[in-house]
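When you line the sequence shown up against the numbering used here, it's residues 2 to 144, in that order.
What follows is a single structure, written as structure tokens, with notes after it.
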Amino acid sequence: MECFSMGVVYTADVVSAGDGRNGRVRSSDGVLELGLASPKEVGGPGGATNPEQLFAAGYAACFHSALRLSAREAKVALAEDTVSARVHLERDESGYSISADLVVALPGIPEDVARSLVEQAHGRCPYSKAVRDSIRVGISLAP
Numbered sequence: 002m003e004c005f006s007m008g009v010v011y012t013a014d015v016v017s018a019g020d021g022r023n024g025r026v027r028s029s030d031g032v033l034e035l036g037l038a039s040p041k042e043v044g045g046p047g048g049a050t051n052p053e054q055l056f057a058a059g060y061a062a063c064f065h066s067a068l069r070l071s072a073r074e075a076k077v078a079l080a081e082d083t084v085s086a087r088v089h090l091e092r093d094e095s096g097y098s099i100s101a102d103l104v105v106a107l108p109g110i111p112e113d114v115a116r117s118l119v120e121q122a123h124g125r126c127p128y129s130k131a132v133r134d135s136i137r138v139g140i141s142l143a144p
């Protein structure tokens, strides 16, 4: 099924082949080409990346970009800032789901300013928008 909307500026095109979580993914431009393996914690072989790690990488990078943009607009200089994402694979009687926790480190930034920047980033990050109201996302400031 194709989905188009006005204003598309980039489309990531990736194909999954083989056995899904234990298969391979490849982007149309060949930049991304990875074998996948289910984590040992869910009975898989481990030893390769998995969809949760890929989602965590994308969310951390996207949120970090939104955070940097918010800081630039607020004229706040960031240094040694990081965003860590933990994506949790959860299971209940209905099956599997995910949740996420983001930890934002903003060394040298006053807590009230840091919280404001994080709120702005969460409001503009495309990943945050995509998962809003569908998965639990916790966001905290690193100590």
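For every residue, glycine included, the Cβ atom is placed at its ideal position computed from N, Cα and C.
None of these values were measured; they are calculated from a predicted model.
Worksheet item: Whose C-beta lies closer than 7 Å to the C-beta of Ala122 among residues of the same chain, with five residues either side of it excluded?
Response: So the list reads Phe64, Ala67, Leu68 and Ser71, once near-sequence residues are dropped.
Worksheet entry | Option nearest Val119 by Cα separation, candidates Ala143, Asp134, Val32 and Ser100 | Among Ala143, Asp134, Val32 and Ser100, the Cα nearest to that of Val119 is on Ala143.
Worksheet entry | Residues near Ala115 in its chain [Cβ-Cβ closer than 6 Å; skip 5 each side] | Only Leu107 and Leu142 meet the Cβ criterion.
Worksheet entry | Nearest-angstrom Cβ-Cβ length linking Arg137 and Ser100, presumed shorter than 8 Å | Right, their Cβ atoms sit about 4 Å apart.
Item to complete: Within the same chain, show all residues whose beta-carbon is closer than 6 Å to that of Gly139, passing over the 5 residues directly before and after it, in chain order.
Response: Closer than 6 Å at the Cβ level, and outside the excluded window around Gly139, lie Asp102.
Worksheet item: Between Thr50, Thr12 and Val43, which lies nearest to Leu35 when the distance is taken from Cα to Cα?
Response: When each option's Cα is compared against that of Leu35, the closest is Thr50.
Discussion item. Taking the straight line between their C-alpha atoms, what separation do you get for Asp134 and Leu90?
Written reply: Leu90 has its alpha-carbon roughly 17 Å from the corresponding atom of Asp134.
Worksheet entry | Backbone CA spacing between Leu79 and Val88 [nearest angstrom] | Distance between the alpha carbons of Leu79 and Val88: 25 Å.
Discussion item. One question on the structure: do Ala57 and Gly47 come within less than 8 Å of each other, judged by their Cβ atoms?
Written reply: Taking 8 Å as the Cβ cut-off, Ala57 and Gly47 do not qualify as a contacting pair.
Item to complete: List in chain order: all unbroken beta strand (DSSP E) runs of 3+ residues lying wholly within the stretch 42-116.
Response: Taking only runs of at least 3 residues, the beta strand (DSSP E) segments lying wholly in the stretch 42-116 are 83-93 and 96-106.
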